[in-house]
Amino acid sequence: MTASPPRRRFNATERTVLFLAADGRCSHCGTELQPSWHGDHVNPYSAGGPTDIINGQALCPTCNLKKGRSVVKGAREWQNQAHDKFFANATKDYLVSATPGAGKTYFALKLAKRLIQEHTAERIIVVVPTDALRLQWADSAGNVGLNLMPVTDPEDYGKPGYQGYVVTYAQVARGIGSEKVRYLTRRPTVALLDEIHHAGENKSWGEGLTQALEHAVHRIALTGTPWRKDGASPIPFVRYDRDGKVEVDYAYEYGTAVADGVCRRIEFHAYDGEAKWTDCGKVSTAALGGELADDDIAAALDAVLEPTHKWIPALLAQANTALDELRTEVPDAGGLVVAHEKWHARAYANLLRQLTGESPIVVLSDDPEAKDNIDRFREARSKWLVAVRMVSEGVDIPRLAVGVYATKIRTPLFFRQVVGRFVRIREDEEFNARLFIPAIPSIMEHGRAIEEELRHQLEIEAERVERVRDSGDSGGGMLDLRIPLDATEAVFDRAIVDGDEVTPVEVAKAAAWLRANGIPSTYAVNAARGLRSAPVGAVAVVENPKPTPAPAPPRHRAERMLRGEIDTLVGKLAYRRGMPKKDVNLQLIREGWPTRSKATVEQLRRQKSHLMRILGES
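Residue numbers are given in the UniProt record's numbering: position 517 of the sequence shown equals residue 517, and the series is strictly consecutive.
Below, the structure written as structure tokens:
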């Protein structure tokens with residue numbers, strides 16, 4: 001029999017001792033502790049601190065959450081290993097497969113920075129699938145001391161003052177983008193290819209990428225979803241085995257990431273219900289969890305995902321309740337609904353508005369403000385984001401904690417991409433994320449596969465601990481004549497976590513026990529498993545690093561802000577002089593100032609000071 005890994009959470013008795021020792025007040029600010037107070041590790045659990053009252057303290061949620069939102073500064077162990085293997089092999093092409101949330105971006109940027117510092121490369125190019133990721137990578141680069149320009153204009157390529165630039169696969173596939181990149185890689189360049197499997201979505205993307213990056217000194221490809229070979233749209237710079245599966249140079253899987261404390265665990269809450277539809281005039285009725293033909297699964301999902309039927313409103317209500325419970329301990333925890341259609345997304349947002357009194361942020365692929373809306377949600381404390389595929393991959397919103405899988409897509413690849421939105425962990429919190437899913441057998445099987453991977457890794461970790469102790473989409477394209485008629489309310493069917501299944505009766509019993517002990521029922525699934533044999537302890541929040549000063553904005557954002565400030569100053573000067581703004585701009589150019597689109601940050605700062613001085617004198 002294997003031993004359990006070291007206990008991470010304070011039990012009910014320990015929490016009582018911590019509360020009494022603090023005289024019912026926060027150990028930091030002295031305010032009276034409320035029922036949602038946090039039991040905290042003085043020496044972080046992640047740094048080896050024991051879960052013992054000697055290493056514990058009682059904190060109010062505000063003080064605990066103020067201790068920092070960012071992940072640990074130092075590189076994670078897997079990043080060090082992948083880094084070392086890259087330099088040991090010294091290959092031109094290097095593919096890393098790491099689970100979403102593990103820190104692929106940080107790994108790649110730190111590796112590129114070292115190549116710049118060692119003069120192996122002089123420039124960095126990052127290629128990403130989407131516009132949102134283009135901006136996100138540029139921001140992340142600033143956090144490691146690199147200035148990368150997100151390319152939105154041909155003049156952005158190779159702009160002075162930047163060590164490189166970020167483009168999308170679509171940009172590289174275009175004539176001018178491919179030619180610009182190919183020209184700039186005459187200087188030694190390291191290429192970072194994010195989610196490189198996207199290069200196979202369009203044949204021209206792969207061809208354009210091959211041509212543009214032919215002369216790059218290193219091409220470091222990243223993926224969170226290993227794939228099989230597709231002869232129609234080959235993906236460049238990778239190798240395949242005999243079975244057509246891509247060969248990775250370094251892999252870091254979800255189970256290992258959870259065991260290492262790098263990623264958050266996720267619970268899959270499956271909800272059943274009865275769907276009703278017509279097919280060529282014939283009325284059919286079926287339960288989601290029953291044995292259904294593939295076509296009938298699509299019809300059943302059409303029925304339950306219909307906003308005017310009972311199933312999806314009931315599921316959204318359950319998810320919102322779960323989010324409310326979690327927000328008593330994590331005030332900025334957010335939820336994501338992944339919708340199948342744009343009109344679904346708008347309707348779901350309206351249902352959530354009726355539930356919460358707050359209008360969710362809706363993100364649609366054809367909305368020009370989609371990237372700004374994602375950024376707004378990332379930094380806000382609002383509850384819900386509703387999207388159609390837009391945030392299924394790559395977009396980093398660490399506060400996401402509760403999800404609703406309201407789409408007909410049933411492929412394992414897409415399901416894992418959605419799961420990846422919820423597993424990013426912050427050092428100031430410890431809770432399981434929840435994904436609410438239809439009780440369709442194939443969808444539940446995707447959840448079981450992920451949890452089985454986790455269970456296997458945790459067993460390995462438990463055996464390691466014992467050794468240490470002993471030693472000291474559904475298919476489309478056909479005409480669909482089926483019409484969804486109705487669907488019953490969503491009914492909780494089971495929760496899947498750590499390869500185990502928890503019944504509704506067990507969850508209800510555990511929730512009652514938690515409420516009786518002053519603990520949020522957010523933790524009911526974990527408690528249910530513990531209560532099978534013995535009472536389970538209360539939940540503590542892991543200590544996080546001490547707060548650090550807010551970093552300066554990345555160079556590209558500083559440049560954009562300066563342009564806006566100068567434009568405002570030009571407007572003021574034009575008003576004072578009684579002349580059009582364009583005439584003031586022409587006068588500045590005649591004085592030798594570069595146009596704002598071509599000016600460096602330093603030139604923009606000097607121009608801003610110049611204009612402020614003129615306005616102060618006039």
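Ideal Cβ placement from N, Cα and C applies to all residues, glycine included. Since the model is a prediction, treat every value here as computed from it, not as a measurement.
Express the C-alpha separation of Y162 and L146 in angstroms, rounding to a whole number. Cα to Cα, the separation comes out at about 8 Å.
Residue range of the alpha helix (DSSP H) that includes L315: Segment 311 to 327, the alpha helix (DSSP H) holding L315.
Bridge-paired residues (DSSP) for H556: DSSP, once it has assigned bridges, lists no residue as partnering H556.
Identified DSSP bridge partners for R576: Note: R576 sits in no beta bridge, so no partner.
Any idea what DSSP makes of T223, helix, strand or coil? In the structure shown, T223 sits in a strand (DSSP, three-state: E or B).
Residue range of the beta strand (DSSP E) that T285 falls in? That run of the beta strand (DSSP E) goes 282 to 287.
With DSSP as the reference, identify every bridge partner of T189, one or two as the case may be. According to DSSP, T189 bridges with R123.
How big is the Cα-Cα spacing for residue 620 and T321? Outside the modelled stretch of the chain, which goes from 1 to 618, sits residue 620, for which no answer is possible.
Below 6 Å CB to CB, which residues in the same chain sit around P549 once its five sequence neighbours on both sides are set aside? Low local confidence applies: a pLDDT of 49 at P549 is under 50, so the model's placement there is unreliable, with the coordinate-based value given in what follows. Once the five neighbours on either side are set aside, P549 has no close Cβ partner at all.
How about the stretch 323 to 330 and the stretch 366 to 380: do they share at least three Cβ pairs that are nearer than 8 Å? Three or more beta-carbon pairs separated by less than 8 Å are not found between the stretch 323 to 330 and the stretch 366 to 380, which leaves the two stretches without contact.
Can you find a C-beta in chain B that's less than 7 Å from the C-beta of G39? Of the protein chains in the structure, only one exists, and it is not chain B.
Less than 7 Å separating the beta-carbons of R410 and I443? Taking a C-beta distance under 7 Å as the contact criterion, R410 and I443 qualify as a contact pair.
With a threshold of 16 other CB atoms inside 10 Å of the CB of residue 641, please say whether the residue is buried or exposed. Given that the chain is displayed from residue 1 to residue 618, the structure contains no residue 641 and the question cannot be resolved.
Looking at the structure shown, is R426 part of a helix, part of a strand, or coil, going by DSSP? Correct three-state label for R426: coil.
Apply the 10 Å Cβ neighbour rule to K73 and answer buried if 16 or more other Cβ atoms are within range, or exposed otherwise. With a pLDDT of only 43 at K73, under 50, the local geometry of the prediction cannot be trusted, and the value read off the model is given with reservation. Taking all protein chains in view, the Cβ of K73 is surrounded by fewer than 16 other Cβ atoms within 10 Å, so the residue is classified as exposed.
Kindly indicate which three-state DSSP category F107 falls into: helix, strand or coil? Three-state result, F107: helix.
At the level of alpha carbons, what is the spacing between Y169 and L209? Spanning the two alpha carbons is a distance of roughly 7 Å.
Whose C-beta lies closer than 6 Å to the C-beta of G472 among residues of the same chain, with five residues either side of it excluded? Its pLDDT being 42, under 50, G472 is placed unreliably by the model, and nothing is read from it.
How about Y252 and K85: are their beta carbons less than 7 Å apart? Not closer than 7 Å, so no.
Integer Cβ distance of A490 from L315, believed to fall under 8 Å: Contact flag correct, Cβ pair sits at about 4 Å.
For the alpha helix (DSSP H) containing R134, name the first residue and the last one. Start and end: 131 to 143.
Are I450 and A270 closer than 7 Å when you measure CB to CB? Here I450 is not near A270, since their CB atoms are 7 Å or more apart.
Under 8 Å, with one C-beta from each stretch per pair, do the stretch 549 to 569 and the stretch 598 to 612 reach the 3-pair mark? Counting Cβ pairs under 8 Å, three or more are found: they touch.
Below 8 Å on the Cβ atoms is my guess for V144 versus L95; work out the distance and round it to an integer in Å. Separation of the CB atoms of V144 and L95 is rounded to 21 Å, and the pair is thereby denied contact status at 8 Å.
Between the stretch 234 to 247 and the stretch 182 to 196, can you find at least three pairs of beta-carbon atoms closer than 8 Å? Three or more beta-carbon pairs separated by less than 8 Å link the stretch 182 to 196 to the stretch 234 to 247, which places the two stretches in contact.
Quick check on I409: does DSSP put it in helix, strand or coil? Coil.
Exposed or buried, A303, counting other C-beta atoms within 10 Å across all chains shown (16 or more means buried)? Answer is buried; the Cβ neighbour count reaches 16.
Which residue's Cα is closest to the Cα of V167: K509, I614, G420, V126? Selected option, being the one with the closest Cα: V126.
For D583, name the three-state secondary structure that DSSP assigns. Here D583 carries a helix assignment [DSSP, helix/strand/coil].
Going by beta-carbon coordinates alone, are K509 and A132 separated by less than 7 Å? When the beta-carbon positions are compared, K509 and A132 stay at least 7 Å from each other.
Which residues bound the alpha helix (DSSP H) around Y183? Where Y183 is concerned, the enclosing alpha helix (DSSP H) starts and stops at 175 to 184.
Taking the C-alpha atoms as reference points, what is the distance between A401 and L435? Distance between the alpha carbons of A401 and L435: 8 Å.
Under the rule that 16 or more other beta-carbon atoms within 10 Å means buried, what is G244, buried or exposed? Exposed.
Our contact map puts L305 next to I297 with C-beta atoms below 8 Å; I'd like the distance itself, whole angstroms only. Not really, about 12 Å apart at Cβ, beyond 8 Å.
With DSSP as the reference, please indicate the residues paired to V363 in a beta bridge. Residue pairing by DSSP places V363 opposite A387 in a beta bridge.
Residue burial classification, Q117 (beta-carbon count within 10 angstroms, cutoff 16): Classification for Q117: exposed.
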